[in-house]
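**Q** According to the working numbering, the sequence shown holds residues 1251 to 1413 in order.
Backbone N, C-alpha and C fix where the C-beta goes; we use that ideal spot for every residue, glycine too.
Model, not experiment: these values are computed from the prediction.
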Amino acid sequence: MFILVGSNVGDRAALLERACASVGCVCGRVVAKSPIYESEPWGFEAEQWFLNQVVEIETELPPDDLMLRLLDIERDLGRDRTTLHEGYVSRTMDLDILYFGNQVIETEYVTAPHPRLHLRRFTLMPLCDLCPEMVHPRLKMTNAKLLQVCCDNGVVKKLNHEI
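Below, the structure is given as structure tokens:
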């Protein structure tokens, strides 16, 4: 399973670290983490850019249970989903299931692969650090190929140092 972790509010690096630790405690075993990337907001304007990282986990949880635990982690880290917004907004924490193995899933809480995975450079770059040859089960292309053909021109920078 691959999860995208992102934050653009508060101490972004500390929030990513706390989120990854929480995922490891309540969702499953963290197998690998990509480098951290900084990217401009996608789909909206914000002063602070995002930090993003992809985490690979092993879990025994079914998809909906995993997503509900991820939503709990978001809430614990300050994410407020009670206010309705049109479009995207800044947030302390965002946890998205990118892939649930090679399964195609559509439930009340989970759509996997993530329906916008292939449209977002900030998702594909860290994903390619972990699994460039993994084939998207719907699009039948590797993550590396999806990144190569991605039309997103947003700025995404790999951080080679601690924030």
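Let me check understanding here. Comparing Cα to Cα, which of Cys1381, Glu1356, Met1375 lies closest to Ser1289?
**A** Mapped onto the sequence shown, residue 1289 falls at position 39. When only C-alpha atoms are compared, the closest one is Met1375.
**Q** Does DSSP put Ile1323 in a helix, in a strand, or in coil?
**A** On the sequence shown, position 73 is the one that residue 1323 refers to. Three-state result, Ile1323: helix.
**Q** When the Cβ atoms of the stretch 1290 to 1307 are set against those of the stretch 1268 to 1281, are three or more pairs found closer than 8 Å?
**A** Contact holds: three or more Cβ-Cβ distances are below 8 Å.
**Q** Whose C-alpha, out of Ile1286, Val1354, Cys1400, is nearest the C-alpha of Lys1407?
**A** Residue numbering aside, residue 1407 sits at position 157 when the sequence shown is read from its first letter. Ranking Ile1286, Val1354, Cys1400 by Cα distance to Lys1407 puts Ile1286 first.
**Q** Where Thr1316 and His1386 are concerned, what is the direct C-alpha to C-alpha distance, given to the nearest angstrom?
**A** Sequence index remark: in the sequence shown, residue 1316 carries index 66 (1-based). Sequence index remark: in the sequence shown, residue 1386 carries index 136 (1-based). One detail in the question is off: residue 1316 reads as Leu in this sequence, not Thr. C-alpha separation (whole angstroms): 20 Å.
**Q** Could you give the distance in angstroms between the alpha-carbon of Phe1350 and the alpha-carbon of Glu1297?
**A** Here residue 1350 refers to the residue found at position 100 when the sequence shown is read from its first residue. Here residue 1297 refers to the residue found at position 47 when the sequence shown is read from its first residue. Distance between the alpha carbons of Phe1350 and Glu1297 is about 32 Å.
**Q** Look at the alpha carbon of Asn1403 and the alpha carbon of Ser1257, and state the distance between them as a whole number of angstroms.
**A** In the sequence shown, residue 1403 corresponds to position 153, counting from 1. In the sequence shown, residue 1257 corresponds to position 7, counting from 1. Whole-angstrom Cα-Cα distance: 20 Å.
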